[in-house]
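Below: one structure, written as structure tokens.
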Amino acid sequence: MAFATTTAATAAAAAMALTPQCAKLPGATRQCRTRTSICRAAATATAPGSASTSAVAAAPVTARLGGRRTASSSVAGMWRQLQGCDDWEGLLEHPVLRSEVARYAELVDACYKAFDLDPASRRHHNCKYGKERMLEEVGMAGAGYEVTKYIYAAPDVMTVPTMEASTSGRGRWIGYVAVSTPEMTRRLGRRDVLVSFRGTVTPAEWLANLMSSLEPARLDPCDPRPDVKVESGFLSLYTSADKTCRFGGAGSCREQLLREVSRLIHSGDSRSDTSVTLAGHSMGGALATLLAYDLAELGLNRAAPITVFSFGGPRVGNAAFKARCDELGVKALRVANVRDPITRMPGVFLNEATTGAAVLRPWRESCYTHVGVELPLDDLSSVGDLAAVHDLGTYIALLRKPKAAAPRADDGGGGGAVIGRVLEFVGWQRAGAMPWQDAALQMGGLVQTLGLI
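Below, the structure is given as structure tokens:
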């Protein structure tokens, strides 16, 4: 009874901290107290000597094979390494890691399969199925997860009337939250809370992604941190609320996610481990990174390790954003096809590789920087096929291949070549002349943003 009371109180405290962008922090003091209560609950859940900590200490995590220290081959026995506790050191070519990452990619792919692109449908731009049977309907009945909530996002941008009849601020289904079944929990060695995000599909999302200017994130309820900046389009998608009230006043994507993830973290058995896995493709990878940062600012990564698996994801913020993520212990594995131009955007020229140039130092705060560890993939069969290089199906196939990942290749030069490839793809597809359904499915988030040129 005491645990249930604490869980309810913590969930309520988390809900109090859900003001979009912290309402520019007018009530920072009250929100700081809220975050403190969340952090205390998280620390209590993982205090030394607890059943959870003891179980982790007793679990075998490494073995010696051929004189080389390597992770054990059991998912349950090495789950903390798979979730990035050691920043995936020595694991990037490990078959167990690749298999697990591919499994999460398939759970993201379910979003595309379930998304309704039929303008005549009453579920247009939403999920075609109820959450109880969504995974089954897309052919993933044995995935081992139960969907607990659908997530909607509403970018606060104006769309072109000929492309989309709806107005700015109307919510679209962006993904789902799920929790592992008892059987899957035993296989994984912990209870897994999953958040899965699709990539760009609707015109409003495309326009939001083209908003490549940096803007202070202001997601820390105790400190506005004006130097921590993220791409304004991704931030708008994450924090803007549905103005049409189509989903019963569910609030912004951020509010929906913080409420549900906090609830699931604190509703589990205190005697077992829980992880939070945030997976997304393209734009979805950016949203997963923002959510991981947000949860870490609220201290929820002290209650459960939080990991991002990003597939073909763009850069999200500046160097100060990356530094803050590192300081908070945000774990992110960026799976990147070396031939995918989206992984080099935004910030084709102003990025982590160019900040050292003297001529660019005045723009240091405006330089985009990737977060986390990169898992590079390459496949010569995709050369010249600019649609395939970013397709999530390509990523899954490359992860499933036994061949080791190739090192990142320049593949055609610097930023100018990358932009040229993106523009070539857009012109080649002639999206304006195609039915919107076909364009959405084929482009599926390829041109996330053109960055700072």
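Just so we're aligned: the sequence shown equals residues 39 to 491 in this note's numbering. Backbone N, C-alpha and C fix where the C-beta goes; we use that ideal spot for every residue, glycine too.
Measure the beta-carbon distance from VAL266 to ARG362 and round it to whole angstroms, keeping in mind my assumption that it falls under 8 Å.
At roughly 5 Å, the Cβ-Cβ gap stays under 8 Å, so VAL266 and ARG362 are in contact.
Checking 7 Å against the spacing of the C-beta atoms, do ALA334 and LEU296 come in under that value?
no
Between TRP117 and ARG224, is the Cβ-Cβ spacing less than 7 Å?
Result no, Cβ atoms of TRP117 and ARG224 do not sit closer than 7 Å.
Return the bridge partner residues of ILE189 from the DSSP annotation.
GLY213
Contacts around ILE434, its chain only, beta-carbon distance under 8 Å, and the 5 residues preceding and following it disregarded
ALA140, ALA143, GLU144, ASP147
Taking the alpha-carbon of GLN121 as reference, which of VAL231, PRO379, SER290, HIS163 has the nearest alpha-carbon?
Ranking VAL231, PRO379, SER290, HIS163 by Cα distance to GLN121 puts VAL231 first.
Are the Cβ atoms of ARG372 and GLY351 separated by less than 7 Å?
In this structure, ARG372 sits near GLY351, with a CB-CB distance shorter than 7 Å.
According to DSSP, is PRO64 helix, strand or coil?
The predicted model places PRO64 with a pLDDT of 34, which falls under 50 and marks its position as unreliable; any figure quoted below should be read in that light. Annotated three-state conformation of PRO64 is coil, per DSSP.
Residue nearest to ALA357 in terms of C-alpha spacing, selected from HIS428, CYS405, PRO259
CYS405
Going by other Cβ atoms of all chains shown within 10 Å of its Cβ, with 16 needed for buried, is GLY177 buried or exposed?
exposed
Just to check, is the beta-carbon of LYS187 closer than 6 Å to a non-hydrogen atom of the ligand NAD?
This structure lacks the ligand NAD; in fact it carries no ligand of any kind.
May I ask you to report which of helix, strand or coil DSSP gives PRO414?
strand
Using DSSP bridges, identify the partner residues of HIS319.
Beta-bridge pairing links HIS319 to PHE349.
Tell me the DSSP bridge mates of ASN356?
In the DSSP output, where bridge partners are listed per residue, ASN356 has TYR406.
Can you give me the C-alpha to C-alpha distance between HIS163 and ALA152, rounded to a whole angstrom?
10 Å
Pair within 7 Å by beta-carbon distance, VAL13 and TRP211
The structure shown does not extend to residue 13, since the chain spans only 39 to 491, so no value can be given for it.
Between the Cα of SER274 and the Cα atoms of SER290, SER348, VAL299, CYS260, which residue gives the shortest distance?
Looking at SER290, SER348, VAL299, CYS260, the one whose alpha-carbon comes closest to that of SER274 is SER290.
Under the assumption that VAL217 contacts LEU302 (Cβ atoms under 8 Å), give the Cβ distance between them as a whole number of angstroms.
6 Å
Residue nearest to THR407 in terms of C-alpha spacing, selected from VAL134, LEU155, GLY237, THR327
It is THR327.
Could you give the DSSP three-state label for LYS267: helix, strand or coil?
Secondary structure at LYS267: strand, using DSSP grouped into helix, strand and coil.
Give me the Cα-Cα distance between PHE349 and VAL233, rounded to the nearest whole angstrom.
Note on geometry: alpha-carbon atoms of PHE349 and VAL233 lie some 14 Å from one another.
Could you name the residues of the same chain whose beta carbon sits closer than 8 Å to that of ASP378, not counting the 5 residues immediately before and after it, in chain order?
GLY350, VAL427, HIS428
Since LYS151 is in the alpha helix (DSSP H), which residue starts that stretch and which ends it?
133-152
In chain order, what residues of the same chain have a beta carbon less than 7 Å from the beta carbon of THR186, not counting five sequence neighbours either side?
Here the set comprises VAL215, ALA216, VAL217, GLU298, LEU302.
Cβ-Cβ distance between HIS319 and GLY237 below 7 Å
yes
Considering only DSSP beta bridges, list what ASP230 is partnered with.
SER313
For a test of the three-state rule: what should DSSP assign to PRO262, helix, strand or coil?
Of the three classes helix, strand and coil, the one that applies to PRO262 here is coil, per DSSP.
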